[in-house]
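A.B. asks: A single structure is presented below for examination.
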Amino acid sequence: MESVSNLVHRTIRLKSHIPRIAVDHLGVPPAWLGYRHWGRETVPEYVERTGRQDAVETVHPQRIHAAPLPGNVRDAARELPDDRGWWGFSFQDVPERPNDPTYLATLPDCLVAHYRLPPEHLYAGDYYVGILNDSRRSVELREIRFREPHAEVLRSGARVERIPKATWVIERVFHNYSHWLGAHLPKFLLLRERGELDHVLLPPDLPSAQEASLRRLGFDVEAFRTYDPAAVQQVDELTVLGTDRFRPELVGSVRDAIWEGHSAAPRRRVFISRARAQRRRLLNEDRIWEILEPMGFERVLMEDLSLDAQVDLMMDTRVLVGSHGAGLTNMIFCAPGTQVLEIADLSFPNPNFYAMASGLGHEYWLAQGDPVGQGHPLFLDMVGREEELRSMLKSVLDRS
Numbered sequence: 005m006e007s008v009s010n011l012v013h014r015t016i017r018l019k020s021h022i023p024r025i026a027v028d029h030l031g032v033p034p035a036w037l038g039y040r041h042w043g044r045e046t047v048p049e050y051v052e053r054t055g056r057q058d059a060v061e062t063v064h065p066q067r068i069h070a071a072p073l074p075g076n077v078r079d080a081a082r083e084l085p086d087d088r089g090w091w092g093f094s095f096q097d098v099p100e101r102p103n104d105p106t107y108l109a110t111l112p113d114c115l116v117a118h119y120r121l122p123p124e125h126l127y128a129g130d131y132y133v134g135i136l137n138d139s140r141r142s143v144e145l146r147e148i149r150f151r152e153p154h155a156e157v158l159r160s161g162a163r164v165e166r167i168p169k170a171t172w173v174i175e176r177v178f179h180n181y182s183h184w185l186g187a188h189l190p191k192f193l194l195l196r197e198r199g200e201l202d203h204v205l206l207p208p209d210l211p212s213a214q215e216a217s218l219r220r221l222g223f224d225v226e227a228f229r230t231y232d233p234a235a236v237q238q239v240d241e242l243t244v245l246g247t248d249r250f251r252p253e254l255v256g257s258v259r260d261a262i263w264e265g266h267s268a269a270p271r272r273r274v275f276i277s278r279a280r281a282q283r284r285r286l287l288n289e290d291r292i293w294e295i296l297e298p299m300g301f302e303r304v305l306m307e308d309l310s311l312d313a314q315v316d317l318m319m320d321t322r323v324l325v326g327s328h329g330a331g332l333t334n335m336i337f338c339a340p341g342t343q344v345l346e347i348a349d350l351s352f353p354n355p356n357f358y359a360m361a362s363g364l365g366h367e368y369w370l371a372q373g374d375p376v377g378q379g380h381p382l383f384l385d386m387v388g389r390e391e392e393l394r395s396m397l398k399s400v401l402d403r404s
């Protein structure tokens, strides 16, 4: 006979599965169970389930983007990492990486909820947005997913902000300079090209650099409506965008908009310093600078420059060198064919700048950095390999 303790444990486990069974198999609305469970689906899955093909417009179909190997690499399989890690693709994938389609989807009766991570968290201040569709399933987009803290917001009885029509562009790390330039600005340009900016919602606490970037591209920031992150938005008709951060048509649109009407030939050689960074510092930066300075480079602290000054500098840059960090995202303002050299820790490989450079038509070079210390690999300082870098730079300058 089954023991009482086993029976209790089985009862507890069954009870924990009741919300899932009720929602997934019996069709009980998640709200009836206090959002203890909800489904998840991508936009294509939503269309397949509902048959609403008219809800989605594809702007750019999926395709393979052929990218050249880094300038110092001859054999991708032997010389590039194959670890896809957090990013969903590896260095080895970039030369034949599928570009996800660009689409706009308009969904009825959506709920939008928000929360930020507390100060004691490793990623303190990171912003999370979750969207529930009309079936109260999580709308699964890049950097957007409905999570348990969103459910807590709904259970708490947060104020509901009713909006008839809205377009959502904000992702989890909109406050991060790199993500803003590469993931967000292309959405604004796409919507402007289509004449569909009227219903875009912005957060009330848009950082100054983000605001300046919109102004530089000719947007009237004051014309956008803002939303209240402390409230839940109930939107009768919500448009969301599916985009690929490194698709040439999107990432290149930022550069094309900046360069419109300009034709000067870039000439400068720029080294981006992370001397003031709190993480991922280049510990032998001064020794590397001793290599770079005689080659005609100038060392720049991007945090000393306004957004406009950074843009102007990049428009006049022919060779860009830096360790992995947000400053390298400024390559988005450089002319096609710029030489971009990244010093990176390949024990925790992040192929995003390689993918971005290839999407922009730059020539990319990859220099090894060795991590130093203990802790999360995303935050470790590193040491660049000086002689390897010296040799590589000769080739970079020859190509420039």
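To convert, count from 1 in the sequence shown and add 4; that's this note's numbering. Every residue, glycine too, gets a C-beta built ideally from N, C-alpha and C. Keep in mind that this is a model prediction, so the values were computed, not measured.
(1) Please state whether DSSP places Asn103 in a helix, a strand or coil.
(2) By DSSP, does Leu47 sit in helix, in strand, or in coil?
(3) How far does the beta strand (DSSP E) with Arg389 in it extend, from its first residue to its last?
(4) Thinking Glu165 and Tyr231 are a contact (beta carbons under 8 Å), I'd like their distance in whole angstroms, please.
(5) Run the CB neighbour count on Asp209, radius 10 Å, all protein chains shown included, and call it buried at 16 or more, exposed below.
(6) So Pro211 packs on His179, CB below 8 Å; how close in whole Å?
(7) Given a cut-off of 7 Å on the beta-carbon distance, is the pair Asp320 and Arg259 in contact?
(8) Specify the secondary structure class of Gln237 as computed by DSSP and reduced to three states.
(9) Would you kindly report the start and end of the unbroken alpha helix (DSSP H) that includes Gln214?
(10) Provide the residue span of the beta strand (DSSP E) that contains His69, from first to last.
(11) Restricting to Cα atoms, I'd like to know which of Ala109, Arg101, Gly331 is closest to Glu200.
(12) Output the boundary residues of the beta strand (DSSP E) element that contains Pro225.
(13) Considering only DSSP beta bridges, list what Tyr368 is partnered with.
(14) Examine the ligand FMN and report whether any of its heavy atoms sits within less than 6 Å of the Cβ of Asp97.
(15) For Arg141 and Gln57, I'd like the C-alpha separation in whole angstroms.
(16) Figure out for me which residue from Pro122, Ser395, Ile174, Asp316 has the closest Cα to the Cα of Asn334.
(17) Just tell me which of Phe357, His366, Gln372, Met360 has its CA closest to the CA of Ser351.
(18) Just mark Ser257 as buried or exposed, buried being the case when its beta carbon has 16 or more other beta carbons within 10 Å.
(19) Determine contact between the region 305-313 and the region 228-246, defined as no fewer than three beta-carbon pairs at a distance below 8 Å.
(20) Could you tell me which residues DSSP puts in a beta bridge with Thr243?
(21) Please work out which residues of its chain come closer than 8 Å, Cβ to Cβ, to Asp385, disregarding the five sequence neighbours upstream and downstream, and give them in chain order.
(22) Within the chosen definition, does the region 323-334 reach the region 344-358 through at least 3 CB pairs nearer than 8 Å?
(23) With burial defined as no fewer than 16 other Cβ atoms inside 10 Å of the residue's Cβ, what is the status of Lys191: buried or exposed?
(24) What is the rounded straight-line gap between the Cα of Glu346 and the Cα of Trp369?
(25) For the structure I just gave you, are there three or more beta carbon pairs, one from the region 38-53 and one from the region 95-103, closer than 8 Å?
(26) On the three-state DSSP scale, how would you describe Leu350?
(27) Less than 7 Å separating the beta-carbons of Arg151 and Gly129?
C.D. replies: On the basis of the supplied data:
(1) As a first step, residue 103 must be located in the sequence shown, where it is residue number 99. Note: Asn103 maps to strand in three-state DSSP.
(2) Here residue 47 refers to the residue found at position 43 of the sequence shown. Before going on, a small fix: residue 47 reads as Val here, not Leu. Here Val47 sits in helix by DSSP.
(3) Stepping through the sequence shown from its first residue, residue 389 is reached at position 385. No beta strand (DSSP E) contains Arg389, which DSSP labels as neither H nor E.
(4) As a working note, residue 165 is residue 161 in the sequence shown. As a working note, residue 231 is residue 227 in the sequence shown. That belief holds up - the Cβ atoms of Glu165 and Tyr231 are roughly 7 Å apart, short of 8 Å.
(5) The residue given as residue 209 occupies position 205 in the sequence shown. Only exposed fits Asp209, as fewer than 16 other CB atoms lie within 10 angstroms of its CB.
(6) Start at 1 with the first residue of the sequence shown, and residue 211 comes out as number 207. Start at 1 with the first residue of the sequence shown, and residue 179 comes out as number 175. Going by Cβ atoms, the distance from Pro211 to His179 rounds to 5 Å, so yes, they are a contact pair.
(7) Residue 320 sits at position 316 when you count from the first residue of the sequence shown. Residue 259 sits at position 255 when you count from the first residue of the sequence shown. Between Asp320 and Arg259, the CB-CB gap reaches or exceeds 7 Å.
(8) The residue labelled residue 237 in the question sits at position 233 within the sequence shown. The answer is strand: DSSP assigns Gln237 an E or B state.
(9) Counted from its first residue, the sequence shown places residue 214 at position 210. Taken as a continuous stretch (DSSP letters only), the alpha helix (DSSP H) holding Gln214 covers 212-220.
(10) Looking up residue 69 in the sequence shown gives position 65. Element bounds for His69: 67-70.
(11) Position 196 of the sequence shown, counting from 1, holds the residue named residue 200. It is Ala109.
(12) Locating residue 225 in the sequence shown gives position 221, counting from the first residue. Before going further, note that residue 225 is Val rather than Pro in the sequence given. For Val225, there is no enclosing beta strand (DSSP E), as DSSP marks it with neither H nor E.
(13) Numbered from 1 along the sequence shown, position 364 holds the residue referred to as residue 368. Bridge partners of Tyr368: Val344.
(14) For the structure depicted, the ligand FMN is absent and the ligand set is empty, with no information on it obtainable.
(15) The residue you call residue 141 lines up with position 137 of the sequence shown. The residue you call residue 57 lines up with position 53 of the sequence shown. Arg141 and Gln57: Cα-Cα distance of roughly 18 Å.
(16) On the sequence shown, residue 334 is found 330 positions in, with the first residue counted as 1. For Asn334, the nearest C-alpha among the options comes from Asp316.
(17) The sequence position of residue 351 within the sequence shown is 347, counting from 1. With distances taken between CA atoms, Ser351 lies nearest to Gln372 out of Phe357, His366, Gln372, Met360.
(18) Here residue 257 is taken as the residue at index 253 of the sequence shown, counted from 1. When all chains shown are included, Ser257 counts as buried.
(19) In this structure the region 305-313 does not lie against the region 228-246, because fewer than three pairs of beta carbons, one per stretch, are closer than 8 Å.
(20) For the purposes of this step, residue 243 is taken as residue 239 along the sequence shown, with counting starting at 1. DSSP, once it has assigned bridges, lists Thr110, Thr171 as partnering Thr243.
(21) Counted from its first residue, the sequence shown places residue 385 at position 381. Answer for Asp385: Arg283, Arg284, Arg285, Leu286, Leu287, Pro375, Val376, Gly377, listed in chain order.
(22) Contact between the region 323-334 and the region 344-358 is present, because at least three Cβ pairs lie under 8 Å.
(23) If you number the sequence shown from 1, residue 191 lands on position 187. Under this definition Lys191 is a buried residue.
(24) Along the sequence shown, one-based indexing puts residue 346 at 342. Along the sequence shown, one-based indexing puts residue 369 at 365. Straight-line measurement puts the Cα of Trp369 at about 6 Å from the Cα of Glu346.
(25) Between the region 38-53 and the region 95-103 there are fewer than three C-beta pairs closer than 8 Å, too few to call the two in contact.
(26) What you label residue 350 is simply residue 346 of the sequence shown in a count that begins at 1. Reduced to three states, the DSSP call for Leu350 is coil.
(27) Taking the first residue of the sequence shown as position 1, residue 151 is located at position 147. Taking the first residue of the sequence shown as position 1, residue 129 is located at position 125. In terms of Cβ geometry, Arg151 and Gly129 do not form a close pair [threshold 7 Å].
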